[in-house]
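Its first residue numbered 1, the sequence shown is counted upward by one per residue in my numbering.
All C-beta atoms in this analysis are idealised placements derived from N, C-alpha and C, irrespective of residue type, glycine included.
Values in this document were obtained by computation on a predicted structure and should not be read as measured data.
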Amino acid sequence: MGKKKLTRWDLQKMKESGEKAVWITAYDYWNASFAEKAGMDMILVGDSLGMCVYGYESTVPVTMEQCIYHSEAVRRAAKNTFIVGDMPFLSYQISIENAVLNAGRFHKEAAVDAIKLEGGKRVCPQIRAITDGGMLVMGHIGLTPQSSGQLGGFKAQGRTADAAFELIEDAKAIQKAGAFSVLVEAVPPEVCNIIRKTLTIPVYSIGAGIDADGQLMISSDVAGVFQAFTPKFVKKYENLADKTIKAFSDYRDDVKEGKFPALEHTYKMVDGELDKLITNLKKG
Ligand code: KIV
Numbered sequence: 001m002g003k004k005k006l007t008r009w010d011l012q013k014m015k016e017s018g019e020k021a022v023w024i025t026a027y028d029y030w031n032a033s034f035a036e037k038a039g040m041d042m043i044l045v046g047d048s049l050g051m052c053v054y055g056y057e058s059t060v061p062v063t064m065e066q067c068i069y070h071s072e073a074v075r076r077a078a079k080n081t082f083i084v085g086d087m088p089f090l091s092y093q094i095s096i097e098n099a100v101l102n103a104g105r106f107h108k109e110a111a112v113d114a115i116k117l118e119g120g121k122r123v124c125p126q127i128r129a130i131t132d133g134g135m136l137v138m139g140h141i142g143l144t145p146q147s148s149g150q151l152g153g154f155k156a157q158g159r160t161a162d163a164a165f166e167l168i169e170d171a172k173a174i175q176k177a178g179a180f181s182v183l184v185e186a187v188p189p190e191v192c193n194i195i196r197k198t199l200t201i202p203v204y205s206i207g208a209g210i211d212a213d214g215q216l217m218i219s220s221d222v223a224g225v226f227q228a229f230t231p232k233f234v235k236k237y238e239n240l241a242d243k244t245i246k247a248f249s250d251y252r253d254d255v256k257e258g259k260f261p262a263l264e265h266t267y268k269m270v271d272g273e274l275d276k277l278i279t280n281l282k283k284g
């Protein structure tokens with residue numbers, strides 16, 4: 001559509017010039033095409049698809065097959081947008097070799113531009129190996145939903161001096177391991193801002209305040225589709241759930257009341273063919 005796909009260096013320059021990057025999740029063809037048309041700088045095919053598409057209670061059950069399948073659909077729709085594939089639970093924790101193989105699958109099968117994985121120092125060997133394999137890695141720290149059990153739930157992170165210090169150390173280690181950017185989730189803005197100033201690579205926020213180099217939001221939250229719960233950091237820009245329920249119930253009422261389909265929603269027989277049919281039927 002005339003738009004040029006950004007590269008990691010464009011994203012790096014945006015940080016340096018102070019231009020905010022804006023990105024959103026997408027899991028299917030239609031939402032990815034809307035995201036590209038809306039001018040998103042990046043799309044994340046997040047493992048949040050487990051909750052937003054499949055109705056799981058967490059992202060833990062999400063598989064590589066599901067992530068690849070949805071990433072392929074997103075790539076078909078958003079050919080000119082930088083796409084980040086999200087490594088699901090157990091696709092990178094088991095071994096470094098397994099992490100490189102799975103990161104490679106995202107690239108070979110879904111043509112993503114980068115992958116994202118959760119964790120700080122403890123996943124730096126994987127970040128280094130995937131980067132050495134020629135791929136771009138985005139780190140993800142703060143509230144890391146795949147380890148929400150260890151974190152005690154979907155809770156804000158880095159709220160004490162010690163916890164914030166650890167997050168800053170994690171961010172530095174991720175940059176040193178070769179990541180091209182870091183996403184910080186559900187962390188006080190002051191802490192995210194220190195991380196942004198400390199790192200030379202872009203630092204993005206979801207629920208970590210306005211000072212980051214860019215913002216990510218979940219598409220189902222922005223459009224007002226996801227109904228199970230609303231995190232504090234979400235701003236709903238629409239209420240598509242209510243609008244869709246209204247469209248479905250209007251359709252239901254029309255059918256029940258004999259108002260749908262109207263003549264304009266039906267096909268005409270070729271001129272003269274109905275008479276011919278009736279005559280043939282009468283003849284038997
Ligand atoms: O899966 C996802 O959408 C994510 C965001 C919650 C950051 O990783």
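Might you give, ordered along the chain, the residues of its own chain that have their beta carbon closer than 7 Å to the beta carbon of residue i, omitting 5 neighbours on each side?
i: residue 76; result: 29
i: residue 194; result: 168
i: residue 15; result: 202, 213
i: residue 102; result: 64, 87, 91, 92
i: residue 224; result: 236, 238, 239, 240, 241
i: residue 211; result: 189, 192, 193, 196
Around the C-beta of residue i, are 16 or more other C-beta atoms found within 10 angstroms, so that it is buried, or is it exposed?
i: residue 17; result: exposed
i: residue 312; result: No answer is possible for residue 312: it lies beyond the span of the chain, which begins at 1 and ends at 284.
i: residue 249; result: exposed
i: residue 180; result: buried
i: residue 112; result: buried
i: residue 200; result: exposed
Let me know the secondary structure DSSP gives residue i once reduced to three states.
i: residue 206; result: strand
i: residue 1; result: Annotation note: pLDDT 48 at residue 1 (below 50); position unreliable, coordinate value reported separately. Three-state DSSP puts residue 1 in coil, outside helix and strand.
i: residue 86; result: strand
i: residue 135; result: coil
i: residue 142; result: strand
i: residue 62; result: coil
i: residue 93; result: coil
i: residue 153; result: coil
i: residue 101; result: helix
i: residue 45; result: strand
i: residue 187; result: coil
How close, in whole Å, do the beta carbons of residue i and residue j come, if the pair is a contact with beta carbons under 8 Å?
i: residue 151; j: residue 82; result: Not really, about 29 Å apart at Cβ, beyond 8 Å.
i: residue 116; j: residue 167; result: With a Cβ gap of about 17 Å, residue 116 and residue 167 do not count as contacting.
i: residue 255; j: residue 237; result: Not really, about 32 Å apart at Cβ, beyond 8 Å.
Under 6 Å Cβ to Cβ from residue i, same chain only, skipping five residues before and after it: list those, please.
i: residue 52; result: 220, 226
i: residue 132; result: none
i: residue 1; result: At residue 1, the pLDDT of 48 sits below 50, so the modelled position is not reliable and the matter cannot be decided from this model.
i: residue 47; result: 59, 62, 86, 88
As a quick exercise: from the options, pick the residue whose alpha carbon is nearest that of residue i.
i: residue 207; options: 161, 216, 200; result: 216
i: residue 184; options: 163, 143, 153; result: 143
i: residue 228; options: 40, 35, 50; result: 50
Excluding sequence positions up to five away, which residues of its chain have a Cβ less than 8 Å from the Cβ of residue i?
i: residue 188; result: 156, 158, 159, 164, 208, 209
i: residue 120; result: 139, 141, 166, 167, 169, 170, 171, 173, 174
i: residue 105; result: 64, 68
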